[in-house]
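No gaps in the numbering here: position 387 of the sequence shown is 412 in our numbering, and each next residue is one more. Take a look at the structure set out below.
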Amino acid sequence: MNFGTIALVTVTACIVLGIGAWISFYVGKKHNTEDDWLVGGRSLPMIVVAFTQYATAVGGGVLVAHVGISYAWGLSVFWYELFVIVGMLIIAMFANWLRKGRFSTIPEVFTRLYGQNKALLSIVAIAVILVPFGWLATQFVAFANLFSEVTGIPFTPLIIAMAIISLLFVLPGGLTSVAWSDFFFGVFMVGTSIVIAVYAVMSAGGWGQVVENVPDDMFTMPQGLTLAGAGTIVLWFFAIVPGTLTNQLYYQRVFASKSGKDARSSLYLGAIMVMIAGVYAFFIGVSVRAMNPSLGEDGREMAAGWFLTQVPTWLLALYGAFLMATIVSTTGSALQSVVANLINDLRGALIKEKTTQKKTISLSRWCTVGVTVIAATLAIIYPRALEWLVATYAYSASILAVPMLLGIILSKRFRVPVQVAFLSMGVGLAACGVAYLMGTTVPYAVFGIIGSGIAYAVALAIWKPARSEGGHVVEDNPSQDSPAPISTQDGERA
26 MNFGTIALVT
36 VTACIVLGIG
46 AWISFYVGKK
56 HNTEDDWLVG
66 GRSLPMIVVA
76 FTQYATAVGG
86 GVLVAHVGIS
96 YAWGLSVFWY
106 ELFVIVGMLI
116 IAMFANWLRK
126 GRFSTIPEVF
136 TRLYGQNKAL
146 LSIVAIAVIL
156 VPFGWLATQF
166 VAFANLFSEV
176 TGIPFTPLII
186 AMAIISLLFV
196 LPGGLTSVAW
206 SDFFFGVFMV
216 GTSIVIAVYA
226 VMSAGGWGQV
236 VENVPDDMFT
246 MPQGLTLAGA
256 GTIVLWFFAI
266 VPGTLTNQLY
276 YQRVFASKSG
286 KDARSSLYLG
296 AIMVMIAGVY
306 AFFIGVSVRA
316 MNPSLGEDGR
326 EMAAGWFLTQ
336 VPTWLLALYG
346 AFLMATIVST
356 TGSALQSVVA
366 NLINDLRGAL
376 IKEKTTQKKT
386 ISLSRWCTVG
396 VTVIAATLAI
406 IYPRALEWLV
416 ATYAYSASIL
426 AVPMLLGIIL
436 SKRFRVPVQV
446 AFLSMGVGLA
456 ACGVAYLMGT
466 TVPYAVFGII
476 GSGIAYAVAL
486 AIWKPARSEG
496 GHVVEDNPSQ
506 DSPAPISTQD
516 GERA
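As structure tokens, this is what we get:
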């Protein structure tokens, strides 16, 4: 790539990121309370929450892996998006209860369900941190891999640059800054993805030419939906749905909504936009297949990179800004989530001393810098070994999915003893670890989740849950010692 092209890509990306950074600082200056940092002041507009849900969900996977899935297996790519949407819709079922509970993090949800327990709070906080920290480090690597090949800039400076950029979107105001900059990035991402998808189809000679040059079974129903294989699709389900249900990034945006109704609406709209991301990946994947079928299924991960080399300079500049916006929106969300758990949950469990709001925000900012340095250092030293961080999804889901989902459902009528949660989490972790060590062909998360579910059922038989008293919807300032019943609609019980 010549210097002029690199300069154009860089300038375009800087303009887009600069607008996002200005929004972040502007909002952060006006909203600088502890609630603003943790949960967006619990007053974010529905449309902002919807776009930040979308920007959080759509990361490097859609840009590279999902295009590859479409290249190899056509319509099968939509299973991936569908499973993300299933997870979001399940969260939407409990959105009113979650919003009215005035939670800030997932560990606080566990405290409401099972009572105050420092050990439980600490374990859940660590399990919750695994996923966003894994996202953070791997997004640094994904960014460096993509732009190192395109620009020729060395790997390490790119990771350092990405780390600094990520800080710009978190430090001003925590979740409030991240959400409003995500809103801008989300709008930009939706518009740009449509432009890029249309260009890909036109480059392949139009949709008719794409259909003619691509195997028929990639488009036909139901063959196109089954090309990836039933086994692969089932494994996607067990990886994605539990992972979505235990991903704190989605929950924090529910907590940040003005109301339970807004929270549900934002999830519905976010789900629609996630499906649009699947459409983007599908059209680019099959278009690349029509233009260059020689990559084969084994080379599907190269499909997005190959397409990047075929676009004109003006679109490459737009594409580069699109990639930057997508990755930055994910890293900012992940970074803020990790810090929220460290300061709000782990620190609260280990240190009794209360601090002022000003000091808490200051600690959060320093912690943000520290987490960023650790993630960037890990990305530089172990750029290929970071694949093990993908396992964070499996272990986190194995520990959290069953006790969280069943706990919320049972809280309508029962107070579940904390021992039930401990046994379920312990067995889930052990089953996941044993399956990993055995090298099972089935993802070890499946064994962890099944083991956790069986343990939960056994534990309920041993430690009988007490019937919950009171049939009221959760109040604004509920007691931490007794869980409130679920409400799925404003003012209605489930």
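Each residue gets a CB set at the ideal place from its N, CA and C atoms; glycine is no exception.
Exercise for the section: Express the C-alpha separation of A401 and M71 in angstroms, rounding to a whole number. Expected result: 33 Å
How should Q141 be labelled, buried or exposed, when 16 other C-beta atoms within 10 angstroms of its C-beta is the threshold for buried?
-> exposed
*Is the segment 362-369 touching the segment 387-401 in the sense that three or more CB pairs, one from each, lie closer than 8 Å?*
In the pairwise beta carbon analysis, the segment 387-401 is classified as touching the segment 362-369: at least three pairs are separated by under 8 Å.
Fill in: Cβ separation of V92 and A329, assumed to be a contact under 8 Å, to the nearest whole Å
Between V92 and A329 the beta-carbon gap is near 4 Å, inside 8 Å, which marks them as a contact.
Thinking just about the alpha-carbon of each residue, which of L485, F208, L192 and L183 is nearest to the one in C392? A check of alpha carbon separations from C392 across L485, F208, L192 and L183 identifies L192 as the nearest.
TODO: Would you tell me roughly how many angstroms separate the C-alpha atoms of V34 and K283, rounded to the nearest one?
DONE: 38 Å
For this session: Would you mind sorting G45 into buried or exposed? The rule is 16 or more other CB atoms within 10 Å of its CB.
Result: buried
Q.
Report the CB separation of A359 from P132 in whole angstroms; it is logged as a contact under 8 Å.
A. Not a contact, Cβ separation roughly 17 Å.
Problem - Span separating the alpha-carbon of G495 from that of G126 - result: Because G495 carries a pLDDT of 46, less than 50, the predicted location of this residue cannot be relied on, and no value is offered for it.
#### Entry: L42, enclosing alpha helix (DSSP H) - first and last residue
F28 to K55
(request) Following the continuous alpha helix (DSSP H) through P408, name the residue where it begins and the one where it ends. (result) No alpha helix (DSSP H) contains P408, which DSSP labels as neither H nor E.
>> Taking its Cβ as the centre, do 16 or more other Cβ atoms sit within 10 Å of M246, making it buried, or is it exposed?
In response: exposed
* DSSP three-state assignment for R440, whether helix, strand or coil -> strand
Pair within 9 Å by beta-carbon distance, Q277 and S129 | Less than 9 Å separates the beta-carbon of Q277 from that of S129.
| task | Could you tell me the distance, in whole angstroms, from the CA atom of F119 to the CA atom of T30? | result | 49 Å
Taking the alpha-carbon positions, what's the A491 to A426 distance?
-> 22 Å
TODO: Could you tell me how far apart the beta carbons of V203 and G357 are, in whole angstroms, since I believe they sit closer than 8 Å?
DONE: 5 Å
Quick test of your reading: I110 and A404, contact by CB under 8 Å. State the CB separation rounded to the nearest angstrom. 30 Å between Cβ atoms; not a contact.
Assigned secondary structure, A491 (DSSP; H/G/I helix, E/B strand, else coil)
strand
Problem - Beta carbon of Y96 nearer than 9 Å to that of L462 - result: no
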